[in-house]
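Trainee: Got a structure for you, questions after.
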Amino acid sequence: MDNLNEKVKIIGAESFGVRSMCCFVKGDSKGYLIDPGVSLAPKRFGLPPHRLEIEEADRISRKIEEASKDCENIIITHYHHDHFTPWYEHEYNTTGRFIYDGKKIFVKSWLENINQRQKVRANDFIRGLEERKQRKNVEIADGKGFGDMVFSPAFHHGEKERGVFVIMVSIKTQWGTFVHGSDIQCFDEDAVKWIIGMKPSVLFLSGPPIYLPQIKLDSIERARKNILDLLECVPHIIIDHHLARTEKCFEFIQNIQVEYETRKSEGVKNHKIYFACEWMGEKALLLEARRKDLFRNSQ
């Protein structure tokens with residue numbers, strides 16, 4: 000991957016054992032910290048987070064702090080706790096709030112395309128910046144461009160019926176273009192078209208939440224086809240987050256990779272899907288997916 004994992008460093012994700020999509024991107028002259036948040040599922044299989052999950056969340060919090068020292072820009076794609084660090088104390092997120100000090104902060108709008116719960120969190124976040132005399136550092140980013148950055152308009156967080164929205168960001172550098180696809184979960188064809196239009200060389204996004212029983216099979220199939228379309232256009236896709244909340248994620252992606260390789264034209268350079276852990280050369284933890292076994296084995 001030509002050392003691209005030194006340019007795009009995934010800091011937190013489900014394959015690392017926590018809920019997160021935090022990454023650091025090395026631009027030509029600036030560093031970008033995207034979605035600096037971490038959380039854990041309060042209940043899974045009827046169980047609270049295991050000790051190993053809590054330890055990993057703390058480790059990721061320290062890594063977010065370290066990455067913030069090398070960045071000039073912070074990007075928040077929406078206001079779920081696994082995507083930003085609020086001013087108030089939030090369980091399992093021990094990240095120091097100093098990460099925002101002196102940074103230019105580009106955020107999902109808190110004025111439109113936002114549900115009530117996220118609006119409350121967003122208003123609290125902006126109020127905290129005002130109290131710290133940092134409100135001038137904030138830019139509403141939806142659908143705008145800032146130098147090397149291009150932000151998408153608001154797209155649906157997963158299925159359209161939920162009424163939750165996120166923004167995506169494209170960062171152009173000399174080594175290529177990176178897109179952070181946030182929590183689109185690959186359901187929305189318009190979001191996929193926006194990504195393809197940015198012509199990324201590296202893409203990081205959430206896959207579909209195949210662990211949820213209420214997700215319909217036709218929705219999963221639509222997401223699968225959209226991922227395949229992305230794979231035909233993007234050389235390096237890092238997919239994780241909602242998808243990696245079940246160990247079935249490996250088979251799901253392997254089948255897509257095999258289908259792509261079967262139908263691609265002869266002589267065309269192979270494009271590849273990675274989980275975040277694989278991209279960073281680490282072993283897969285998937286602690287949330289394995290929570291039941293973690294408690295069973297620790298008795």
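According to numbering that gives the first Met the number 0, the sequence shown is numbered sequentially starting from 0. From the three backbone atoms N, C-alpha and C, an ideal C-beta is built for every residue, glycine too.
Count the other CB atoms, across all protein chains shown, that sit within 10 Å of the CB of F177; report buried if there are 16 or more and exposed otherwise.
Mentor: Within the sequence shown, residue 177 is the residue found at index 178, counting from 1. Classification for F177: buried.
Trainee: How would you write the range of the alpha helix (DSSP H) that K103 sits in, first residue to last?
Mentor: Within the sequence shown, the letter at position 104 stands for residue 103. Not the alpha helix (DSSP H): K103 falls in the beta strand (DSSP E), residues 103-106.
Trainee: For S19 and A56, I'd like the C-alpha separation in whole angstroms.
Mentor: Here residue 19 is taken as the residue at index 20 of the sequence shown, counted from 1. Here residue 56 is taken as the residue at index 57 of the sequence shown, counted from 1. Distance from the CA atom of S19 to the CA atom of A56, rounded to whole angstroms, is 9 Å.
Trainee: Please state whether the Cβ-Cβ distance between Y273 and H240 is less than 8 Å.
Mentor: Within the sequence shown, numbered from 1, the residue matching residue 273 stands at position 274. Within the sequence shown, numbered from 1, the residue matching residue 240 stands at position 241. Not a contact, by the Cβ cut-off of 8 Å.
Trainee: Is the stretch 156-166 touching the stretch 127-135 in the sense that three or more CB pairs, one from each, lie closer than 8 Å?
Mentor: no
Trainee: Does DSSP classify V233 as helix, strand or coil?
Mentor: Indexing the sequence shown from 1 puts residue 233 at position 234. Note: V233 maps to coil in three-state DSSP.
Trainee: Could you tell me the boundaries of the alpha helix (DSSP H) in which Y259 lies?
Mentor: Position 260 of the sequence shown, counted from the first residue, corresponds to residue 259. Residues 248-262.
Trainee: Quick one: grab the DSSP three-state call for Y99.
Mentor: Position 100 of the sequence shown holds residue 99. If DSSP states are grouped into helix, strand and coil, Y99 belongs with the helices.
Trainee: Going by alpha carbons, who is nearest to C21 out of V168, E54, D81?
Mentor: Here residue 21 is taken as the residue at index 22 of the sequence shown, counted from 1. Checking every option, the nearest Cα to that of C21 belongs to D81.
Trainee: Please classify E319 as buried or exposed, where buried requires at least 16 neighbouring CB atoms within 10 angstroms.
Mentor: The structure shown does not extend to residue 319, since the chain spans only 0 to 298, so no value can be given for it.
Trainee: Could you have a look at C185 and say whether DSSP puts it in helix, strand or coil?
Mentor: Position 186 of the sequence shown, counted from the start, is the residue given in the question as residue 185. Correct three-state label for C185: coil.
Trainee: Within a Cβ cutoff of 6 Å, which residues of the same chain sit near D187, ignoring the five residues on either side of it in sequence?
Mentor: In the sequence shown, the residue the question calls residue 187 occupies position 188. Excluding residues within five positions, the ones whose Cβ falls inside 6 Å are F154, H155.
Trainee: In terms of residue numbering, what span does the beta strand (DSSP E) encompassing C22 cover?
Mentor: As a first step, residue 22 must be located in the sequence shown, where it is residue number 23. Unbroken beta strand (DSSP E) run through C22: 22-25.
Trainee: Please give me, in chain order, every unbroken run of the beta strand (DSSP E) with length at least 3 that falls completely inside the stretch 31-78.
Mentor: 72-75
Trainee: With 16 other CB atoms within 10 Å as the buried threshold, where does Q184 fall?
Mentor: Start at 1 with the first residue of the sequence shown, and residue 184 comes out as number 185. Answer is buried; the Cβ neighbour count reaches 16.
Trainee: Since F177 sits in a beta bridge, which residues does DSSP pair it with?
Mentor: The residue labelled residue 177 in the question sits at position 178 within the sequence shown. In DSSP, F177 forms a bridge with I170, V201.
Trainee: Which whole-angstrom value describes the C-beta separation of G157 and D182, a residue pair presumed to lie in contact below a C-beta threshold of 8 Å?
Mentor: Here residue 157 refers to the residue found at position 158 when the sequence shown is read from its first residue. Here residue 182 refers to the residue found at position 183 when the sequence shown is read from its first residue. Beta-carbon to beta-carbon, G157 and D182 are separated by about 7 Å, close enough to satisfy the 8 Å threshold.
Trainee: Quick check on R131: does DSSP put it in helix, strand or coil?
Mentor: Residue 131 sits at position 132 when you count from the first residue of the sequence shown. DSSP places R131 in coil when its eight states are reduced to three.
Trainee: With H, G and I counted as helix, E and B as strand and the rest as coil, what does DSSP make of V119?
Mentor: On the sequence shown, position 120 is the one that residue 119 refers to. Helix, per DSSP.
Trainee: In the structure shown, what three-state DSSP assignment does R289 receive?
Mentor: Within the sequence shown, the letter at position 290 stands for residue 289. Here R289 sits in coil by DSSP.
Trainee: With DSSP run on the structure shown, which of helix, strand or coil describes H299?
Mentor: For the chain, the structure presents residues 0 to 298; residue 299 sits outside this window and is missing.
Trainee: Give me the Cα-Cα distance between Q115 and N269, rounded to the nearest whole angstrom.
Mentor: Position 116 of the sequence shown, counted from the start, is the residue given in the question as residue 115. Position 270 of the sequence shown, counted from the start, is the residue given in the question as residue 269. Approximately 44 Å between the Cα atoms of the pair.
Trainee: Contact defined as beta carbons within less than 8 Å: I believe L229 pairs with L202. What is the distance between those atoms, to the nearest angstrom?
Mentor: By 1-based counting over the sequence shown, the position of residue 229 is 230. By 1-based counting over the sequence shown, the position of residue 202 is 203. Right, the Cβ-Cβ distance comes to about 7 Å (below 8 Å), so this counts as a contact.
Trainee: Less than 7 Å between C-beta atoms, sequence neighbours within five positions excluded: which residues of the same chain meet that for W278?
Mentor: As a first step, residue 278 is located in the sequence shown; it is residue number 279 there, counting from the start. Hits under 7 Å: N4, I9, I237.
Trainee: For R289, count the other beta carbons within 10 Å of its own beta carbon; 16 or more makes it buried, fewer makes it exposed. Which is it?
Mentor: For the purposes of this step, residue 289 is taken as the residue at position 290 of the sequence shown. Classification for R289: buried.
Trainee: What does the Cβ neighbour count give for L110, buried or exposed, with the cut at 16 atoms within 10 Å?
Mentor: Taking the first residue of the sequence shown as position 1, residue 110 is located at position 111. Exposed: under 16 other Cβ atoms inside 10 Å.
Trainee: Enumerate in chain order the residues of its own chain whose CB-to-CB distance from M197 is below 8 Å, with the five nearest sequence positions on each side excluded.
Mentor: The residue labelled residue 197 in the question sits at position 198 within the sequence shown. Excluding residues within five positions, the ones whose Cβ falls inside 8 Å are V149, S169, T176, V178.
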